[in-house]
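Participant: In the numbering used here, the protein residues as written are 271 to 603. Virtual Cβ for every residue (Gly too), placed ideally from N, Cα, C. Would you mind keeping the following structure in view while I ask a few things?
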C-alpha cells in the first residue's frame, strides 16, 4: 500500500507523508491514478503514454490483480470504505471497485492474452502441487515447529490446518466457504469394520442444494502412496493438534483465499482415477442432467495444462498410466 502512496507523491496528487487510504475527502478522479499505478508496472505504456522500452520488463496480469487487491484491502480496512463501488458524484466508496478500473483490467487481460502470456490455470492446485505441499509441511523443521519468527510465518499447527482444508476442498468438490463453515458436529472420524480410518462429512446445505438433504461424504484413508491426497489423515492430524471438539473447525481463514478449485479435482477424478462423468456428478452432488453438458466446463478449458505434447500423440510405444481401478496399462484404460 505504501507503494501506491509513493506513486501519488510522484504524480503530485498528495503531499509526502500523506496516507491516501485514510484521507476522508478524495478527488473524484482518483481512480484514474489507480489505473496509472497499475499501468506503470504491468502495461506497455504508462498513464502519460510513454512507452516502457524493451529493457524495462512489464509484470504479469496476475501481478496487476494483486496490486488491485492490495488497494481494495487498504481502502476497505484502513479507510473503512468497505466494498461499496466508487462513485465519482459523491467521491464515496472503494475507488478500486470503479467502472474505470474494472474496464481497464478487462482490457489489460485481453492484451496480455494477445501477447501470449500464460495466465493462471483454472486448475490452480492439482495432485502434484498437493504432493509438494505435503512434503514441505512434513519436514521436521516445519511440522514440529511451534515457534513463529520472521522467516516462519505459520508453524506446524497452521500447516496442519491448511493441509486439512485444502484436501477436504479437493476431494469433496466443495467450495472454500462450505469447508470453512464446517462445525465439529458435522464431521465424524471413525474406523470401519476393516479397521480403516474413515471420515463422514454431513453438510447442512450447499450452494447446489440450499434446502439441505445432501448425501454425506464418506471418505476412507487412502493408501500410503497417496497420503498427500488423504483428507482423513490430514484432518486427524489437525484435530489432534488443535483439540477442537465443538464449534468452527477451521477458524481464522479468509474464504476469499481459494487456491483449490472443484475443476482441478474433477480433472483428477476423470484422468487419474478414471471416474465416469456420472460418478463425478453423483459424488459432488451435481446435476446429472447432461442435456447441455455443463460438466464439460470442469473437464475442458483453454487454460489447462496439456496432457500430451504435440509430438507425443502418435508415440504409440510411450509409457501409459496404470488404471487404479482395473490395473490395465493400455491407452484406453
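1) Just mark residue 684 as buried or exposed, buried being the case when its beta carbon has 16 or more other beta carbons within 10 Å.
2) With respect to the beta strand (DSSP E) encompassing residue 377, which residues constitute its N-terminal and C-terminal limits?
3) Here's a check: name, in chain order, each residue in its chain whose Cβ is nearer than 8 Å to the Cβ of residue 423, leaving out the five neighbours to either side.
4) Buried or exposed, going by whether 16 or more other CB atoms sit within 10 Å of the CB of residue 407?
5) Measuring only the C-alpha atoms, how far is residue 443 from residue 345?
6) How many Å lie between residue 336 and residue 323 at the Cα?
7) Taking its Cβ as the centre, do 16 or more other Cβ atoms sit within 10 Å of residue 513, making it buried, or is it exposed?
8) Could you name the residues that DSSP lists as bridge partners for residue 362?
9) State buried or exposed for residue 439, treating a residue as buried only when at least 16 other CB atoms are found within 10 Å of its CB.
10) Any idea what DSSP makes of residue 349, helix, strand or coil?
11) Who are residue 468's beta bridge partners in DSSP?
12) Quick one: what's got a C-beta closer than 7 Å to residue 351's C-beta in the same chain, skipping five residues either side?
13) Nearest to residue 502 by alpha carbon, out of 543, 437, 332 and 545?
14) With a Cβ-Cβ cutoff of 8 Å, do residue 401 and residue 318 count as a contact?
15) Taking C-alpha atoms, which residue in 426, 404, 403 and 405 lies nearest to residue 413?
16) Could you confirm whether any beta carbon from chain B is found closer than 8 Å to the beta carbon of residue 361?
17) Compute the Euclidean distance between the alpha carbons of residue 296 and residue 361, then round it to the nearest angstrom.
18) What would DSSP say about residue 315, mapped onto helix, strand or coil?
19) Going straight from the alpha carbon of residue 420 to that of residue 464, what length do you get?
20) Whose C-beta lies closer than 8 Å to the C-beta of residue 312 among residues of the same chain, with five residues either side of it excluded?
21) Along the alpha helix (DSSP H) that carries residue 517, what are the first and last residues, could you check?
22) Would you identify the three-state DSSP class for residue 483, choosing helix, strand or coil?
23) If the criterion is Cβ atoms closer than 8 Å, does the pair residue 383 and residue 304 meet it?
24) Give the DSSP-derived three-state secondary structure of residue 285 in the structure shown.
25) With H, G and I counted as helix, E and B as strand and the rest as coil, what does DSSP make of residue 409?
26) Between the alpha carbons of residue 321 and residue 450, how many angstroms are there, rounded?
27) Sort 493, 474 and 517 by Cα distance to residue 466 and report the nearest one.
28) Please work out which residues of its chain come closer than 7 Å, Cβ to Cβ, to residue 519, disregarding the five sequence neighbours upstream and downstream, and give them in chain order.
29) Out of curiosity, what's the CA-to-CA distance linking residue 489 and residue 428?
30) Let's see if you can read the secondary structure: which residues bound the alpha helix (DSSP H) around residue 426?
31) Give the secondary structure of residue 332 by DSSP, where H, G and I count as helix, E and B as strand, and everything else as coil.
32) With a threshold of 16 other CB atoms inside 10 Å of the CB of residue 460, please say whether the residue is buried or exposed.
33) Using the beta-carbon count (16 or more within 10 Å), is residue 550 buried or exposed?
34) So, helix, strand or coil for residue 321, using DSSP?
Facilitator: The relevant details are as follows:
1) The structure shown does not extend to residue 684, since the chain is modelled only from 271 through 603, so no value can be given for it.
2) Within the chain shown, residue 377 is the residue found at index 107, counting from 1. Element bounds for residue 377: not the beta strand (DSSP E) but the alpha helix (DSSP H), 369-384.
3) Locating residue 423 in the chain shown gives position 153, counting from the first residue. Note on residue 423: pLDDT 45, under 50, position unreliable in the model; no value is reported.
4) As a working mapping, residue 407 is identified with position 137 in the chain shown. Buried, because 16 or more other Cβ atoms sit within 10 Å of the Cβ of residue 407.
5) Position 173 of the chain shown holds residue 443. Position 75 of the chain shown holds residue 345. If I take the Cα positions, the gap works out to 33 Å.
6) Here residue 336 refers to the residue found at position 66 when the chain shown is read from its first residue. Here residue 323 refers to the residue found at position 53 when the chain shown is read from its first residue. For residue 336 and residue 323, the distance between alpha carbons rounds to 23 Å.
7) Residue mapping note: residue 513 aligns to position 243 of the chain shown, counting from 1. Per the 10 Å Cβ criterion, exposed.
8) In the chain shown, the residue the question calls residue 362 occupies position 92. Beta-bridge pairing links residue 362 to 357.
9) Residue 439 sits at position 169 when you count from the first residue of the chain shown. That one is buried.
10) Within the chain shown, numbered from 1, the residue matching residue 349 stands at position 79. Per DSSP, reduced to three states, the secondary structure at residue 349 is coil, with no helix or strand assignment.
11) Taking the chain shown and counting its residues from 1, the one referred to as residue 468 is at position 198. According to DSSP, which records beta bridges pairwise, residue 468 is partnered with 460 and 490.
12) Here residue 351 is taken as the residue at index 81 of the chain shown, counted from 1. Closer than 7 Å at the Cβ level, and outside the excluded window around residue 351, lie 345, 363 and 364.
13) Counted from its first residue, the chain shown places residue 502 at position 232. Here the closest residue by C-alpha is 437.
14) For the purposes of this step, residue 401 is taken as the residue at position 131 of the chain shown. For the purposes of this step, residue 318 is taken as the residue at position 48 of the chain shown. Taking 8 Å as the Cβ cut-off, residue 401 and residue 318 do not qualify as a contacting pair.
15) On the chain shown, position 143 is the one that residue 413 refers to. Ranking 426, 404, 403 and 405 by CA distance to the CA of residue 413 puts 426 first.
16) In the displayed structure, chain B is absent; only one protein chain is listed.
17) Here residue 296 is taken as the residue at index 26 of the chain shown, counted from 1. Here residue 361 is taken as the residue at index 91 of the chain shown, counted from 1. If you take the alpha carbons of residue 296 and residue 361, they lie about 6 Å apart.
18) As a working note, residue 315 is residue 45 in the chain shown. DSSP places residue 315 within a strand segment (E or B) once states are collapsed to three.
19) Taking the chain shown and counting its residues from 1, the one referred to as residue 420 is at position 150. Taking the chain shown and counting its residues from 1, the one referred to as residue 464 is at position 194. For residue 420, the predicted structure reports a pLDDT of 43, less than 50, and the residue's modelled location is therefore unreliable. A value from the coordinates is still provided. Near 46 Å, if we compare the C-alpha coordinates of residue 464 and residue 420.
20) Here residue 312 is taken as the residue at index 42 of the chain shown, counted from 1. Cβ within range, chain order: 328, 329, 330, 331, 333, 334, 337 and 378.
21) Counting from one through the chain shown, the residue named residue 517 turns up at place 247. Note, residue 517: premise wrong, no alpha helix (DSSP H); not H, not E.
22) The residue you call residue 483 lines up with position 213 of the chain shown. Collapsing the DSSP output to three states places residue 483 in coil.
23) One-based indexing of the chain shown puts residue 383 at position 113. One-based indexing of the chain shown puts residue 304 at position 34. The criterion of a C-beta distance shorter than 8 Å is not satisfied by residue 383 and residue 304.
24) Sequence index remark: in the chain shown, residue 285 carries index 15 (1-based). Residue 285 falls in the coil class under three-state DSSP.
25) In the chain shown, residue 409 corresponds to position 139, counting from 1. Correct three-state label for residue 409: coil.
26) Residue numbering aside, residue 321 sits at position 51 when the chain shown is read from its first letter. Residue numbering aside, residue 450 sits at position 180 when the chain shown is read from its first letter. Taking the straight line joining both Cα atoms gives about 45 Å.
27) For the purposes of this step, residue 466 is identified with residue 196 of the chain shown, where counting begins at 1. Ranking 493, 474 and 517 by Cα distance to residue 466 puts 493 first.
28) Here the question's residue 519 lines up with position 249 in the chain shown. Cβ neighbours of residue 519 beyond the five flanking positions: 452, 453, 454 and 457.
29) Residue 489 sits at position 219 when you count from the first residue of the chain shown. Residue 428 sits at position 158 when you count from the first residue of the chain shown. Residue 489 and residue 428 have their alpha carbons spaced roughly 23 Å apart.
30) By 1-based counting over the chain shown, the position of residue 426 is 156. Taken as a continuous stretch (DSSP letters only), the alpha helix (DSSP H) holding residue 426 covers 426-442.
31) Against the chain shown, residue 332 aligns to sequence position 62. Residue state for residue 332 is assigned as helix, using DSSP reduced to three classes.
32) If you number the chain shown from 1, residue 460 lands on position 190. By the 16-neighbour rule on beta-carbons within 10 angstroms, residue 460 is exposed.
33) Start at 1 with the first residue of the chain shown, and residue 550 comes out as number 280. Residue 550 comes out buried.
34) Here residue 321 refers to the residue found at position 51 of the chain shown. The answer is strand: DSSP assigns residue 321 an E or B state.
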